[in-house]
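Read the structure below first, then the notes.
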Amino acid sequence: MKKTVPLWVVLGVVVAAFLFTRLGGNRYIYFAGYFVLQYIVLATAWNVLGGYTGYVNFGTAAFFATGAYTALVLILAFKATLPVQIVAGALTAGLLGLGIGYLTLRLRGVFFSIATLALSVVLQTVVSNWEYVGGGKGLSIIRPKAPALFASHAEYLFVVMVLLAAASVALAWWVQNSRVGRGLAAIRDNEEAAECMGVPTLRLKLFATTLSGCLMGVAGTPFPYYVTLVEPGSVFSLDYAVNSLAMPMIGGTTTWVGPVIGAVLLGTAQQVATVTISSELNLLIVGIVLVAFVMLAPQGIVGLVQRLFHRRSR
Amino acid sequence: MAWHGQTGTRRRWIVGVLIGVMALGTAWAPAAQAAEPIKIGFGMALTGALAGNGKAALMAMQMWAEDVNKKGGLLGRPVELVYYDDQTKPAAVPGIYTKLLDVDKVNFIVSGYGTNVIAPLFPIAMERNLVLMGLFGMANNEKLKYKNYFQIMPSGPNPALGWSQGFFEVAAKQQPKPQTIALVGADAEYPHNALVGAREHAKNFGFKVVYDGKYPPSTVDYTPIIRAIKATNPDLVYVASYPPDTAGIIQAAQEVGLPVKMFGGGMVGLQFAALQTKLGSKLNGVVNYEFYVPEPTVNFPGINEFLARYQAQAEKAGVDPLGHYIPPFSYAYVQILGQAVEATKSLDQKKVAEYIQANEFNTIVGKVKFAPNGEWAKSRVLMVQFQNVQGSDVAQFKKAGTRVVLYPEDWKSGTLIYPYSKAQK
Amino acid sequence: MFSLDLLLNAIVAGILIGGFYAAVSLGISVSFGLLDIVNIAHPAFVILGSYTAYAMNRFFGFDPLLTGLLFTPVFYALGVVVYRLYYLGFERKGEESLRGLVFFFGVLFIVEVALLLAYGVDYRMIEARYVGQSFHIGVVGIAFRLLLPCLVGLMVTVALHLFLSKTFYGRAIKAVSQDSQALRLMGVDPVKIKRIAFALSIATASLAGALLILIGPVEPSIGREYIGRVFAIVVLGGMGSISGTLAASVILGVVESLTATFSGPSWAPAVSFGILLVVLAVRPAGLFGR
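Chains as they are written, first to last, in my numbering: chain A, 36 to 349; chain B, 3 to 427; chain C, 104 to 393.
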């Protein structure tokens, strides 16, 4: 019974989102919502690896771009529909994650992080030299008509993103509360000790990198239809790497709820800032908040709340 | 909420915004104004890679709004510009414009600066059949063929070709006729388009392409590239580059010594005071494109007054002190929209679009008529040569004589010093 | 299109650039290689150095190299402050690896954005007599713009190498990451040693920044381009080995230059990062590792 609860929750959230779009109203909400939801997926995905196992991934953009470019290739080659793109994007990005996972065989800690940083650059160069997807200049695509039931792509992409966000959060919740999660936490605390205790560290790490990469890729798949221009500079934007790392850090990395809180707060703040103040200040705020949190509140908002609770109950 | 009006009571806004962030996006209603204004909405690169140009463009647009409002506005209503910073990020564009249309309820939208932020605008404009004025987009409408799109950069109905036409026309007329050409450009959107055109011209004019390469925008040192080009011994070198690589390439060419007959073509950055003054006499002999230069032959009604006003404000705003490249055109693209609204006495998108499509406009960048694909009906990319540049004084670029127009014939103001090495002396 | 003088020129250009890469990488070689402090913000400090050189040149007409040298104490002090924060926030608590990385990521952004706010996004260049001058040795052309950074890079490398191997503090720095307990027994405070070493690494950024703006125009976010390159060099050179760093810098410079000359420049970045990925996967200790 308990196992099916998240499924029902996901379904409920998506249906609610769909009904919400039927109310009409202004489309800006859907675009702003899409922005925040996309970061819920990315932050949750980052946290599956970074938060649960302690491997810091700077290459979010590489996975995000893998998803976006897989979608683009499918659009160009087969005019595939969005669900097909999402599944394919998940597979390719997951495969890339698996490859990165094998790197962790040899590389621990910071070396792994540096490798992921390099991965982004290599992939960007490869894509920039690949004429079929537009090379360095990028490619703009024409959206097909929005599917029935939806007034426009704004609503459609919003509901799709709600589904993706809800599904990834549910997955993160499941991982955290399963044996897998306990194994990952053991790796984070002390990889050698975990290995000695008989935790299958390699299998678990591969699982975490694959799942994390897969979800990041998924977040990127609707990008071509969202912006209608796929261009290396914006797809490999450092924003994705910074935010997907800052959000869990601010929200709290040890639980599934941390990245969600971080993404909602930071994502909303950025979206508001886009239509108000200059983005330089916006970035400065992200930087300062990030540094302040890692220094003063290493457990993030979740940690702060827990501490507060603890003190009260005593 | 948006930035209304011109002057920045920025600190107050920021405080307001911080409170707003805490309240998590409480909706703000713009302050009510007496006569219902006509709102023109856009996103503009105020930060990010293209911010330098974006800010200058914005300043010129604000000057237009000022001018119009001084004369009593449009259709008796004041004009208001509603704009947000698009951060030079295409991904920010859909959000910004839906906000402009659905929350701020603007009457018209115009694009931000540059091809990449124009592209994501098309689906939004097409969904609602809006007039879409474009600011310096390169061949955005090629595939979409949206009939309500009008783009102000004067690269002509076939932008890729129009862009470098002058370079090749001028080269082909020289004696002895050049035989070979090297093509090089940054690996990005604009250079890619420019090189496509240059390749086609090379074929049509019968120049043999002996080098055809692109480099990543993050290149540190350009001497290996220049040496590789030099090794192929071309008569002509056509370069399509962005500002940092423009500087790097000219420096490297100077150091390596490039014994070619014509050099330049599509280098972005040489239109601005920053690079002009830094490179100084190294520019002599370089042939490059321009959209406006202060030569006696290039004189449109109103442009001198505009530039005088712009230059007076530029220093304080920290934008390009010359304002020859984007500002007059960003003034013109809203000027056209305004003239069309006045002429049709209507805010109806269809009527305004049809009027812009059918008529010729008198603007501060001259007479503008659009082709069916929304580009200028006839290309007016000027090909100029840097001559007599001395030292790093910016004043010399405000006067005639440093950038002599070679092409098109209608605007020609001097002759090419040929070959390149002769002009360098 | 292949010819001997092209090859020679490509190699020389690569060596020149390599000397400059060494200047940029040395700081990381010390902080990351010797101290285990993953200072990914280092390139941002280099850019800060570039802008200092730019401002001093613009307003007082100072030579960029002179500025670079004059400002090393200021950068040293900055390094002391950053290390203090890092120590208090992470090292003392023994949480340096993961959160420390994020800390420096944040610092990177703060420096970059501060520069953006102060100078805007436009590219800045510098005026100096020798920029644009060059001379020839046989078929090989050498530009002062590239030669000077290379020479200065070499000098800094040699100076740092001597400091680390000949002086007491230098040896203490080398020892601190390996056995801080032994240092303590000798009556040396490892925290102080680390502070000196880290501050020193930031001080090199002042000079490296001056070199960077000599070579070409600079804008605030250009530092990101160097993060991967610099870490590639440090890892390739074998963590913390100063001579290894120099060798790796030259190798990378030459490989990039050869790629740019012969197979089209658009693949150059992938080549250097490709090397990094391969080295990390096959021989994480680097080519010259212990």
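For glycine and all other residues, C-beta sits at the position ideal for the given N, C-alpha and C.
No experiment lies behind these values; they were computed from the predicted model shown.
Are three or more beta carbon pairs between the region 258 to 278 of chain A and the region 152 to 163 of chain A nearer than 8 Å? yes
Between the region 133 to 148 of chain C and the region 158 to 170 of chain C, do three or more beta carbon pairs fall short of 8 Å? no
When we look at the beta-carbon of Phe376(C) and count the other beta-carbons within 10 Å, is it buried (16 or more) or exposed? Locating residue 376(C) in the third sequence gives position 273, where the first residue counts as 1. With 16 or more Cβ atoms within 10 Å of its Cβ, Phe376(C) is classed as buried.
DSSP state of Phe234(B) mapped onto helix, strand, coil: For the purposes of this step, residue 234(B) is identified with residue 232 of the second sequence, where counting begins at 1. Checking the sequence shown, residue 234(B) turns out to be Thr, not Phe. Coil, per DSSP.
Locate the alpha helix (DSSP H) running through Asp274(A), then write down its first and last residues. Here residue 274(A) is taken as the residue at index 239 of the first sequence, counted from 1. Its alpha helix (DSSP H) spans residues Leu273 to Gly286.
At a Cβ threshold of 8 Å, is Gly139(B) touching chain A? Position 137 of the second sequence, counting from 1, holds the residue named residue 139(B). Judged by the 8 Å Cβ criterion, Gly139(B) is not in contact with chain A.
Between Ile336(C) and chain A, is the shortest Cβ-Cβ distance under 8 Å, so that the two count as touching? Taking the third sequence and counting its residues from 1, one reaches residue 336(C) at position 233. Output row for Ile336(C): interface = no.
Excluding five sequence neighbours on each side, which residues of the same chain lie with their C-beta closer than 7 Å to the C-beta of Ser283(C)? Along the third sequence, one-based indexing puts residue 283(C) at 180. Excluding sequence neighbours, Ser283(C) sits near Pro293.
Between the region 318 to 331 of chain A and the region 77 to 91 of chain A, can you find at least three pairs of beta-carbon atoms closer than 8 Å? no
Can you list the residues of chain D that Glu190(A) reaches, using a CB-CB cut of under 7 Å? Among the chains of the structure shown, chain D does not appear; the protein chains present are A, B and C.
Start-to-end residues for the beta strand (DSSP E) that takes in Ser157(B): Stepping through the second sequence from its first residue, residue 157(B) is reached at position 155. First-last for Ser157(B): undefined, no H or E at that position.
What separation, rounded to the nearest whole angstrom, lies between the Cα atoms of Ile110(A) and Gln120(A)? Walking along the first sequence from the start, residue 110(A) turns up at place 75. Walking along the first sequence from the start, residue 120(A) turns up at place 85. Taking the straight line joining both Cα atoms gives about 8 Å.
Collapsed DSSP secondary structure at Phe376(C) in the structure displayed: What you label residue 376(C) is simply residue 273 of the third sequence in a count that begins at 1. In this structure, Phe376(C) counts as helix in the three-state DSSP scheme.
From what residue to what residue does the beta strand (DSSP E) around Ser187(A) run? Translated into the one-based positions of the first sequence, residue 187(A) becomes position 152. Premise fails: Ser187(A) is in no beta strand (DSSP E) and is neither H nor E.
So which of Gly312(C), Ser324(C) and Ser346(C) has the shortest CA-CA distance to Thr155(C)? Against the third sequence, residue 155(C) aligns to sequence position 52. Here the closest residue by C-alpha is Gly312(C).
Ignore the nearest five residues each way along the sequence and tell me which others in Ala342(B)'s own chain have a CB closer than 6 Å to its CB. Position 340 of the second sequence holds residue 342(B). The residues are Val354, Tyr357 and Ile358.
Looking only at C-alpha atoms, which of Leu361(C), Gly319(C) and Val358(C) sits nearest to Pro245(B)? The sequence position of residue 245(B) within the second sequence is 243, counting from 1. Cα-wise, what sits closest to Pro245(B) is Gly319(C).
Do three or more CB pairs link the region 406 to 426 of chain B to the region 251 to 264 of chain B at distances below 8 Å? yes
Considering only residues of the region 95 to 130 of chain A, which uninterrupted alpha helix (DSSP H) runs meet the minimum length of 4 residues and lie entirely inside it, listed in chain order? 95 to 113
By DSSP, does Ile245(C) sit in helix, in strand, or in coil? Indexing the third sequence from 1 puts residue 245(C) at position 142. Ile245(C) falls in the strand class under three-state DSSP.
Endpoints, the alpha helix (DSSP H) within which His145(C) is located: Within the third sequence, numbered from 1, the residue matching residue 145(C) stands at position 42. First-last of the alpha helix (DSSP H) with His145(C): His145 to Phe163.
Continuous beta strand (DSSP E) assignments of at least 3 residues falling wholly in the region 115 to 144 of chain C: none
Element boundaries [beta strand (DSSP E), containing Val69(C)]: No statement about residue 69(C) is possible, as the shown extent of chain C runs from 104 to 393 and does not include it.
Could you check whether the Cβ of Ile227(B) sits closer than 8 Å to any Cβ belonging to chain C? Mapped onto the second sequence, residue 227(B) falls at position 225. Judged by the 8 Å Cβ criterion, Ile227(B) is in contact with chain C.
Closer than 8 Å, CB to CB, is Leu26(B) near chain C or not? Counting from 1 along the second sequence, the entry for residue 26(B) is found at position 24. In this prediction, Leu26(B) has a pLDDT of 38, which is less than 50 and means its spatial position is unreliable; nothing more can be read from the coordinates.
Tell me the DSSP secondary structure of Ile111(B) in three-state form. To locate residue 111(B), count along the second sequence from 1; it is residue 109. In this structure, Ile111(B) counts as strand in the three-state DSSP scheme.
Neighbour flag for Ile240(C) against chain A, beta carbons, 8 Å: For this step, residue 240(C) is matched to residue 137 along the third sequence. Not an interface residue.
Under DSSP, the alpha helix (DSSP H) around Asn71(B) begins and ends at which residues? Residue 71(B) sits at position 69 when you count from the first residue of the second sequence. Segment Ala53 to Lys72, the alpha helix (DSSP H) holding Asn71(B).
If we ignore side chains and look at the alpha-carbon of each, how far apart do Ile229(C) and Pro167(C) end up? Counting from one through the third sequence, the residue named residue 229(C) turns up at place 126. Counting from one through the third sequence, the residue named residue 167(C) turns up at place 64. Between Ile229(C) and Pro167(C), the C-alpha separation is close to 8 Å.
Are the beta-carbon atoms of Ala285(C) and Ala278(C) separated by less than 8 Å? Mapped onto the third sequence, residue 285(C) falls at position 182. Mapped onto the third sequence, residue 278(C) falls at position 175. Taking 8 Å as the Cβ cut-off, Ala285(C) and Ala278(C) qualify as a contacting pair.
Determine, using beta carbons only, whether Phe124(B) comes closer than 8 Å to chain A. Here residue 124(B) refers to the residue found at position 122 when the second sequence is read from its first residue. So, interface residue.
Three-state secondary structure (DSSP) of Arg79(B): For the purposes of this step, residue 79(B) is identified with residue 77 of the second sequence, where counting begins at 1. Note: Arg79(B) maps to strand in three-state DSSP.
Compute the beta-carbon to beta-carbon distance between Leu219(C) and Pro323(C), rounded to the nearest angstrom, for a pair I have assumed lies under 8 Å. Position 116 of the third sequence, counted from the first residue, corresponds to residue 219(C). Position 220 of the third sequence, counted from the first residue, corresponds to residue 323(C). Confirmed, Cβ separation roughly 5 Å.
Under 8 Å by Cβ, that's how I've got Ser352(C) and Ile378(C) pegged, so tell me the actual separation to the nearest angstrom. If you number the third sequence from 1, residue 352(C) lands on position 249. If you number the third sequence from 1, residue 378(C) lands on position 275. Ser352(C) to Ile378(C), Cβ: 12 Å. No contact.
So, are the CB atoms of Thr350(A) and Gly132(A) less than 8 Å apart? Absent from the model: residue 350(A). The displayed extent of chain A is 36 to 349, so no value can be given.
Do you know offhand how far Ala103(A)'s Cα is from Phe247(C)'s? One-based indexing of the first sequence puts residue 103(A) at position 68. One-based indexing of the third sequence puts residue 247(C) at position 144. Cα-Cα distance, rounded: 44 Å.
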